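Quick note: the sequence shown, position 92, residue 180 per my numbering, numbers continuous.
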Amino acid sequence: MSVTNLAPWLVTVGAGTIDRNFPADVILGDGRRLNGVSLYSGVQLKGKMYPVVYPGKSGDLSASLCMENSLDPNIVKGKIVICDRGSNPRVAKGMVVKEAGGVGMILANAASNGEGLVGDAHLLLACALGSDEGDAVKKYVSSSPNPTATIDVKGTMIGIKPAPVVASFSARGPNGLNPEILKPDLIAPGVNILAAWTDAVGPTGLDSDPRKTEFNILSGTSMACPHVSGAAALLKSAHPDWSPAAIRSAMMTTASITDKTNRPMIDEATGKPTTPYDFGAGHLNLGRAMDPGLIYDITNSDYESFLCAIGYNPKLVQVVTRSLVVCPMKKPLPENLNYPSIAALFSTTSRGPSSKMFTRTVTNVGQANAVYVAKIEAPRGVTMTVKPMKLVFTPTVKKISYLVTITADSKHLVLDDAGAVFGSLTWTDENHKHVVRSPIVVTQLDPL
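So this is what it looks like as structure tokens:
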């Protein structure tokens with residue numbers, strides 16, 4: 089649980105990879121090739137082997153992380169240096185190695201980073217390795233009397249498979265503040281993105297970097313969010329009457345949950361399949377979002393009711409809305425906010441089966457005459473019904489509400505590693521032109 093920016097009026101965006109990468113190999117003296125990533129375009133080693141050293145071998149934490157002034161030039165000069173990822177910036181580690189006289193750097197992921205790799209504009213030859221490969225090179229150094237290595241940078245490759253995958257650094261759910269709202273909402277390209285860059289600083293952002301460039305390769309949810317912002321602007325241009333909630337709905341209900349080979353998206357860090365806690369509704373697909381068929385709209389008053397539902401009194405709600413708000417006498421249910429996803433929370437202490445009901449309203453933004461049929465993929469161990477199962481839209485019937493009932497027995501509910509079970513509800517029109525999908529999350533919550 090690391091996701092932030094949890095308010096339901098925000099679009100919360102995670103990061104995925106694209107099918108472009110910058111592969112490089114660390115070739116060890118025993119002939120093994122360890123696959124990594126490098127953006128370095130300067131002078132290459134051209135296969136020449138150099139001594140390789142791991143400063144952390146002695147147990148010095150600062151040296152293992154290649155912190156400033158932690159490396160002894162007498163030990164690292166003329167050698168390839170292994171630096172552990174963490175604490176100081178990745179590019180700063182490279183500068184420390186360069187200033188100490190190293191000819192190259194191997195940046196090894198920690199176990200917490202897993203196998204997720206990003207390219208950096210290092211000032212010396214550097215290759216990033218995943219946790220497993222990083223451990224392998226450190227074991228080689230500790231077991232060999234004269235360890236050597238070289239770095240082979242391969243440049244740019246496209247058509248990488250699988251793609252997209254969920255970036256290892258991307259924030260994960262569940263929503264720790266309001267678990268009734270699934271977050272993140274969706275993911276978008278956020279790894280090794282070609283982006284505009286200022287000439288006020290070098291591509292590393294370090295004061296000591298003299299290079300100038302108009303573009304840089306950057307990674308982060310800070311790269312994924314602009315993709316969604318740009319998509320939202322295009323959607324608003326195409327549909328000027330759509331609200332922000334309608335735009336978010338269009339992006340979420342048309343998002344892709346598979347990679348380009350039509351297999352489930354995986355986690356970059358672990359290689360395991362991902363869940364809506366990782367990718368929300370899926371990966372942004374702007375072409376489909378332009379014509380979503382149905383949208384889940386939300387008004388300002390709906391958000392006010394949501395704040396009342398989660399325990400805000402009118403005075404606190406006014407801090408957010410800056411206008412007079414009267415909370416309803418009957419407290420609304422936060423899970424009935426007209427969100428394009430559903431999260432069902434069951435008490436861990438309940439005895440026997442219990443049910444949760446959710447009301448949603450969809451607005452037809454496609455052809456005036458349309459019929460949509462529901463397809464239910466109930467989470468494992470859960471019973472789920474939808475009424476009605478068919479939505480018939482006409483020129484005069486543009487909005488229709490439906491009721492979802494989810495029944496589970498907490499005593500016998502077996503959650504997966506993410507602490508939940510997952511399913512979906514999909515509305516499809518008769519010609520299958522529009523497929524409107526909502527993720528379903530069922531989890532357990534200890535009573536307060």
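Just so it is clear, CB atoms sit at the ideal spot from N, CA and C, and this is done for glycine as well. Computed from a predicted structure; not experimentally measured.
- Between M477 and the rest of its own chain, which residues show a CB-CB distance below 6 Å, the 5 nearest in sequence each way excluded? Here the question's residue 477 lines up with position 389 in the sequence shown. Cβ within range, chain order: A462.
- State the DSSP-derived secondary structure class of P111, mapped to helix, strand or coil. Here residue 111 is taken as the residue at index 23 of the sequence shown, counted from 1. In the structure shown, P111 sits in a strand (DSSP, three-state: E or B).
- Query: Smallest Cα separation from I383: which of G293, S344 and I335?
  - Reply: As a working mapping, residue 383 is identified with position 295 in the sequence shown. That would be I335, whose Cα lies nearest to the Cα of I383.
- Which value, in whole angstroms, describes the spacing of the CA atoms of G370 and N93? Stepping through the sequence shown from its first residue, residue 370 is reached at position 282. Stepping through the sequence shown from its first residue, residue 93 is reached at position 5. If I take the Cα positions, the gap works out to 18 Å.
- Task: Throw me the rounded Cβ distance for the P106 and P252 pair, which I believe falls under 8 Å.
- Result: In the sequence shown, residue 106 corresponds to position 18, counting from 1. In the sequence shown, residue 252 corresponds to position 164, counting from 1. According to the sequence displayed, residue 106 carries Ile and not Pro. The pair is a contact, with the Cβ atoms about 7 Å apart (cut-off 8 Å).
- Consult DSSP for L536 and reduce its assignment to one of helix, strand or coil. On the sequence shown, position 448 is the one that residue 536 refers to. Only weak support is given to the placement of L536: the predicted model assigns it a pLDDT of 47, under 50, and the question is left unresolved by the model.
- Query: So does the stretch 268-279 actually touch the stretch 313-326, counting three or more Cβ pairs closer than 8 Å?
  - Reply: Contact holds: three or more Cβ-Cβ distances are below 8 Å.
- Task: Assuming T437 contacts V470 (C-beta within less than 8 Å), just tell me the rounded distance between them.
- Result: Residue numbering aside, residue 437 sits at position 349 when the sequence shown is read from its first letter. Residue numbering aside, residue 470 sits at position 382 when the sequence shown is read from its first letter. That pair is no contact at about 18 Å.
- Report the rounded CA-to-CA distance for T358 versus R260, giving the unit in angstroms. Walking along the sequence shown from the start, residue 358 turns up at place 270. Walking along the sequence shown from the start, residue 260 turns up at place 172. Cα-Cα distance, rounded: 14 Å.
- Assumed close pair S175, M155 - CB separation to whole angstroms, cut-off 8 Å: The residue you call residue 175 lines up with position 87 of the sequence shown. The residue you call residue 155 lines up with position 67 of the sequence shown. Going by Cβ atoms, the distance from S175 to M155 rounds to 7 Å, so yes, they are a contact pair.
- Query: If you scan the stretch 143-172 from start to end, which runs of the alpha helix (DSSP H) of 4 or more residues do you find wholly inside it?
  - Reply: 149-152 and 161-164
- Message: Using a 10 Å radius around the Cβ and a threshold of 16 neighbouring Cβ atoms, would you call P177 buried or exposed?
- Response: As a working mapping, residue 177 is identified with position 89 in the sequence shown. Result: exposed.
- Message: Going by DSSP in three states, D220 sits in which element: helix, strand or coil?
- Response: Within the sequence shown, residue 220 is the residue found at index 132, counting from 1. It is helical.
- Alpha carbon to alpha carbon, how far is A209 from T309? Counting from 1 along the sequence shown, the entry for residue 209 is found at position 121. Counting from 1 along the sequence shown, the entry for residue 309 is found at position 221. C-alpha of A209 to C-alpha of T309: approximately 18 Å in a straight line.
- Message: Taking the alpha-carbon of P32 as reference, which of A95, A377, L425 and T286 has the nearest alpha-carbon?
- Response: A question about residue 32 goes unanswered here, because the residues of the chain that appear run from 89 up to 536.
- Exposure of P262, with buried meaning 16 or more beta-carbon neighbours within 10 Å: Position 174 of the sequence shown, counted from the start, is the residue given in the question as residue 262. Counting Cβ neighbours within 10 Å, P262 comes out buried, since at least 16 surround it.
- Residues near T493 in its chain [Cβ-Cβ closer than 6 Å; skip 5 each side]: Taking the sequence shown and counting its residues from 1, the one referred to as residue 493 is at position 405. The answer, listed in chain order, is S443, M445 and T473.
- Among residues of its own chain, excluding the 5 on either side of A216, which ones have a beta-carbon nearer than 6 Å to its beta-carbon? Working through the sequence shown from its first residue, we reach residue 216 at position 128. Around A216: G124, V125, L195 and L205.
- Please go through the same chain and pick out, in chain order, the residues whose beta-carbon is closer than 7 Å to the beta-carbon of H315, but skip the five residues on each side of it. Along the sequence shown, one-based indexing puts residue 315 at 227. Excluding sequence neighbours, H315 sits near A276, P277 and L372.
- Go through its chain and collect everything with a Cβ distance to A199's Cβ below 8 Å, but skip five positions before and after it. In the sequence shown, residue 199 corresponds to position 111, counting from 1. So the list reads S219, once near-sequence residues are dropped.
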